[in-house]
Every structure is written in C-alpha cells, then in structure tokens.
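Trainee: Residue 1 is where the sequence shown starts when you use the working numbering, and the numbers rise one by one after that.
Beta carbons: idealized from backbone N, C-alpha and C, even for Gly.
These figures come from a predicted structure and were not determined experimentally.
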Amino acid sequence: MGDMNEIFDLGSDALHGIEQRLGMSRRDYLQFCATLAVTMGLPKGAEAAVAKAIETSQRPSVIWLHFQECTGCSESLLRAEHPTLEKLILDVISLDYHETLMAAAGHQAEAARKDAMKAHKGKYVLVVEGAIPVKDNGIFCKIGGHTAIDLVKECAADAAAVIAIGSCASWGGMPSTGPNPTGASSVAEVLGKPVVTIPGCPPNPYNFLATVVHFLTFGKLPDVDKLGRPKFAYSRLIHENCERRAHFDAGRFAMEFGDAGHRQGYCLYKLGCKGPETYANCSTIGFGDAGENNWPVGCGHPCIGCSEKGVGFTKPIHQVASVINITPPQQYPRIVEEQGKGASFASAAALAALAGAAAGAAVMLTRNLGLSHAAEEAERAKAEGKSKDQAQV
Ligand code: FSX
Ligand code: SF4
Ligand code: F3S
Numbered sequence: 001m002g003d004m005n006e007i008f009d010l011g012s013d014a015l016h017g018i019e020q021r022l023g024m025s026r027r028d029y030l031q032f033c034a035t036l037a038v039t040m041g042l043p044k045g046a047e048a049a050v051a052k053a054i055e056t057s058q059r060p061s062v063i064w065l066h067f068q069e070c071t072g073c074s075e076s077l078l079r080a081e082h083p084t085l086e087k088l089i090l091d092v093i094s095l096d097y098h099e100t101l102m103a104a105a106g107h108q109a110e111a112a113r114k115d116a117m118k119a120h121k122g123k124y125v126l127v128v129e130g131a132i133p134v135k136d137n138g139i140f141c142k143i144g145g146h147t148a149i150d151l152v153k154e155c156a157a158d159a160a161a162v163i164a165i166g167s168c169a170s171w172g173g174m175p176s177t178g179p180n181p182t183g184a185s186s187v188a189e190v191l192g193k194p195v196v197t198i199p200g201c202p203p204n205p206y207n208f209l210a211t212v213v214h215f216l217t218f219g220k221l222p223d224v225d226k227l228g229r230p231k232f233a234y235s236r237l238i239h240e241n242c243e244r245r246a247h248f249d250a251g252r253f254a255m256e257f258g259d260a261g262h263r264q265g266y267c268l269y270k271l272g273c274k275g276p277e278t279y280a281n282c283s284t285i286g287f288g289d290a291g292e293n294n295w296p297v298g299c300g301h302p303c304i305g306c307s308e309k310g311v312g313f314t315k316p317i318h319q320v321a322s323v324i325n326i327t328p329p330q331q332y333p334r335i336v337e338e339q340g341k342g343a344s345f346a347s348a349a350a351l352a353a354l355a356g357a358a359a360g361a362a363v364m365l366t367r368n369l370g371l372s373h374a375a376e377e378a379e380r381a382k383a384e385g386k387s388k389d390q391a392q393v
C-alpha cells in the first residue's frame, strides 16, 4: 500500500503514459483511482496502489457471457457520463469476448472465445450476465448450438475468477420470478460452487469496476459475504445511509406519489421502499455515475430491492418492507402543528439565527408548517367524507 508520494513516484513518464492511453488528465486519473479506492473501502493512501496496478499490470482478459437478461448490466457500464467510465473499463480490462459489443459474429465470435480461453488459460476472468435456464436440459437459452449450462461450465473451468454481474446471474433475478417457467438459476447454482456476485438490476458499474481493480491491485477478488457479494458494497442496508432517513425517524412519510410529503422529500417507506431490507451502496455512491442523488430514492421512487433475493421482483412494489435491524419508533412526535401554536415564528427565527440563516429559514419553516397543516386538514376531511371545499384548510 502506498501513499500520495508514491503516486507521484509513479513518475511523470508513467502518468504521461496514462494521459496518452486514457485521454484524460492526470488529475482526473488520480481522482478516478481515489474514487475506486474509496468505493472498495480501502484505507487512506491505497489510491497509490490502485494507480500503480492500473498503470503497470497487464490488462486481464475478460470473457463476458450473456444469457437470460436485458443487457442492462452492460448498458449501465457503457452509458456512464463522467469521466468516460466506459473508456476506463475498456482500458482496465481486455474484453476479449462480449456478444453484444464485439464486431465478430457467428463462427468468428465462437473462435474469439476459444482463442481467448486458450491464450489466457487459468488467468482470464469470466463475467456472466443473466440467469441460466435449467429446465428441460436448458433448451430455453442456446448460443451457437450450446446451452447456457454447457457454456458457463466450459468457460468457468479454466477461469481465474468468476463474477456474476446483475441480479439475474447472482440469484435468478427477474427471469426467475414465480412460477419461473424456464427454471432460471444463478451462476453459483449451475456451477455448484460460490462465485463473486454483483447484484442489482442493473448493478452499479463502480462496484464491478472496483471488484476488477481489486483483482488487479491485490491479485485476488475482494472479501465477500455469504451470498458472494463484495463486502465493500453490500454490507450495509440502503436505509442506514439514506438521505431521507431523518424523515423516517421523525415519522414523516409520503403517503401517495405527488402528495405534499412526496414533494417535500419525505421518506418513501409507506410507498413500499425496500431500503430497510436491501443491502447495497446505492444511497452512498449514487447510481450510474450520472451525478449527485442519482439513485431511485434520490429521484423520488421507492427502492424496489432490485439487488436483494426474496425482495426484488418478488415482493409487490407497494408492500411495506420488513425493517431489518432498525425498528421504527412505537410513536412519532407530532410534527404538524397548527400555526401560532407549537413552533412559533419567534422560536423558528431563533433556531434559524443559530443556523446562521435567520430570515430565510424562518420563512421556510413557517411555510412548510402551513403546507403540512393544509395537507393534514385535507386528509382528515377526506377521511370524514367531507368535500375539499368544506375542509378547513
Ligand atoms: Fe438486465 Fe443484467 Fe437486470 Fe438482469 O442487469 S438490468 S435484467 S439484473 O442481468 O441485464
Ligand atoms: Fe430512505 Fe427508503 Fe429508508 Fe425511507 S425507507 S429512509 S426512503 S431507504
Ligand atoms: Fe435497486 Fe434499490 Fe438500489 S431498487 S438500484 S437496490 S436503491
């Protein structure tokens, strides 16, 4: 493990080489390495080791198989906006076989796979996207006359590492949704041994890239949990780090899409958010590399638990989640006070002054209280069967 000096010890030649190779500034490159190191939960200074590994290691040959899926996993890797993630991925690995990206077709494509397997025997990384149908001897998915079952077994036999990318390959995902007519199964089930899994539909490209870079930097895949998920990405519930968590704790919930609570960014638990029973880092690293807060809950949609077996594509989207670890309080503090009572304008101003934003915050607080009050009155009237006009708002 190195430190920042070691990065600069890489030498301007090495960094210049990187600049040429990736077409990006050394600043962007070092930022990228730091991002990956942080994603992997590595200690301070590890970005040097990451930078060195990417610069000096031979790119690992990757054979990428597609079975029952929508190609969203590949799309999520290639449709990144900043800083040309797909370019980095394609530079960090040598993608020798990928059915939807390679120019070759038919026998040429088959030959490319065989050649890569022979040339990199025991050293290549096998990435599998999609579930594998096992019913009726696997006849539901055949490529070049071979079933997905045969292909995955053949390619895994001489691989240095096997990575199941996406929920389909990790645990069956969407194709395995009951009654699972094709017997869609995970890679681990078909191979009969554990593999590294990166679930999500689609998964976060950084989790894949960080896994590969870990392999490159340390010569082994990262530590995983009992489901094969890298611990750096899947050891925390989404709910533990959600930006709406304070609303959950205070009992402020959106009750309907578009209602006052939804518009004010309240917790989506009562709309069926599965964050409390889904292990993933969506809430901390964002999603799809397209900017701040770009993940389902950040966009106002409940998490559907797409990465979690038994939750995503299994539980109805509107069904409230089982809250793992954290139970909601028995009762909530009353947060909707009538204007003039409870939190007064003066107390709001005092609070705001403490925060250093007196007038603006006080006005906002008063306004929000007013909106919430109006919303609550409208709901109460609805429950009592009164028309909207009769409601005292
Ligand atoms: Fe699609 Fe991948 Fe979902 Fe599956 O991602 S995004 S159906 S997990 O295998 O292509
Ligand atoms: Fe966030 Fe969902 Fe948890 Fe609410 S229930 S805090 S929206 S993860
Ligand atoms: Fe999927 Fe939920 Fe993350 S729906 S992308 S696990 S926030």
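Taking Cβ positions only, does residue 114 come closer than 7 Å to chain B?
Mentor: Going by chain labels, chain B is absent from the structure shown, which holds only one protein chain.
Trainee: If you compare alpha carbons, which of 262, 257, 251 and 209 is closest to residue 90?
Mentor: Residue 90 has its Cα closest to that of 209, out of 262, 257, 251 and 209.
Trainee: Could you have a look at residue 62 and say whether DSSP puts it in helix, strand or coil?
Mentor: If DSSP states are grouped into helix, strand and coil, residue 62 belongs with the strands.
Trainee: At a cut-off of 6 Å, is residue 245 close to the ligand SF4 when judged by its beta-carbon and the heavy atoms of the ligand?
Mentor: Because some heavy atom of the ligand SF4 lies under 6 Å away, the Cβ of residue 245 counts as near it: yes.
Trainee: Considering only residues of the stretch 100 to 179, which uninterrupted beta strand (DSSP E) runs meet the minimum length of 3 residues and lie entirely inside it, listed in chain order?
Mentor: Complete beta strand (DSSP E) runs here, min 3: 125 to 129 and 161 to 165.
Trainee: With 16 other CB atoms within 10 Å as the buried threshold, where does residue 258 fall?
Mentor: With fewer than 16 Cβ atoms within 10 Å of its Cβ, residue 258 is classed as exposed.
Trainee: Would you decide whether residue 474 is buried or exposed? Buried here means 16 or more other CB atoms lie within 10 Å of its CB.
Mentor: What the structure shows of the chain is the stretch from 1 to 393, and residue 474 is not part of that stretch, so it cannot be assessed.
Trainee: Using a Cβ-based criterion (distance less than 6 Å to any ligand heavy atom), does residue 282 qualify as near the ligand FSX?
Mentor: Every heavy atom of the ligand FSX is 6 Å or more from the Cβ of residue 282, so no.
Trainee: Near residue 98, which residues of its chain fall below 6 Å by C-beta distance, leaving aside the five closest residues on each side in sequence?
Mentor: Hits under 6 Å: 64.
Trainee: Between residue 166 and the ligand FSX, is the CB less than 6 Å from at least one heavy atom?
Mentor: True, at least one ligand heavy atom lies under 6 Å from that Cβ.
Trainee: To test your reading of the DSSP string, which unbroken alpha helix (DSSP H) runs of 4 or more residues are found completely within the stretch 211 to 267?
Mentor: Whole alpha helix (DSSP H) segments, 4+ residues: 231 to 234, 245 to 250 and 260 to 263.
Trainee: What residues in its chain sit with their C-beta under 6 Å from that of residue 94, if we drop five residues either side in the sequence?
Mentor: Around residue 94: 59 and 61.
Trainee: Cβ of residue 167 within 7 Å of Cβ of residue 307?
Mentor: In this structure, residue 307 lies closer than 7 Å to residue 167 by Cβ.
Trainee: Is residue 228 near the ligand FSX, with its Cβ less than 6 Å from a heavy atom?
Mentor: No, Cβ of residue 228 sits at least 6 Å from all heavy atoms of the ligand FSX.
Trainee: Under 8 Å, with one C-beta from each stretch per pair, do the stretch 148 to 164 and the stretch 191 to 201 reach the 3-pair mark?
Mentor: Yes: at least three Cβ pairs fall under 8 Å.
Trainee: Compute the Euclidean distance between the alpha carbons of residue 19 and residue 28, then round it to the nearest angstrom.
Mentor: Each residue's Cα considered, the two are about 9 Å apart.
Trainee: Within this structure, are the beta carbons of residue 199 and residue 131 separated by less than 7 Å?
Mentor: No. Outside cutoff.
Trainee: Using three-state DSSP, classify residue 48 as helix, strand or coil.
Mentor: Note: residue 48 maps to helix in three-state DSSP.
Trainee: When DSSP labels each residue in this structure, what does residue 16 get in the three-state scheme?
Mentor: In this structure, residue 16 counts as helix in the three-state DSSP scheme.
Trainee: Excluding five sequence neighbours on each side, which residues of the same chain lie with their C-beta closer than 6 Å to the C-beta of residue 266?
Mentor: Excluding residues within five positions, the ones whose Cβ falls inside 6 Å are 247, 252, 253 and 254.
Trainee: How about residue 238 and residue 282: are their beta carbons less than 7 Å apart?
Mentor: In contact: residue 238 and residue 282 (Cβ atoms closer than 7 Å).
Trainee: Could you give the residue range of the beta strand (DSSP E) that holds residue 198?
Mentor: First-last of the beta strand (DSSP E) with residue 198: 196 to 198.
Trainee: Does the beta-carbon of residue 217 have 16 or more other beta-carbons within 10 angstroms, so that it is buried, or is it exposed?
Mentor: With 16 or more other Cβ atoms within 10 Å, it is buried.
Trainee: Reducing DSSP to helix, strand and coil, say where residue 78 ends up.
Mentor: Here residue 78 sits in helix by DSSP.
Trainee: Looking at the ligand SF4, does it come within less than 6 Å of residue 248, judged from the CB to the closest heavy atom?
Mentor: Checking the Cβ of residue 248 against the ligand SF4 gives yes.
Trainee: Which term fits residue 39, buried or exposed, when burial requires 16 or more other beta carbons within 10 angstroms of its beta carbon?
Mentor: It counts as buried.
Trainee: Whole-angstrom Cβ separation of residue 68 and residue 141, contact assumed at under 8 Å?
Mentor: That pair is a contact at about 6 Å.
Trainee: Just how far apart, CA to CA, sit residue 43 and residue 50?
Mentor: The alpha-carbon atoms of residue 43 and residue 50 are separated by roughly 12 Å.
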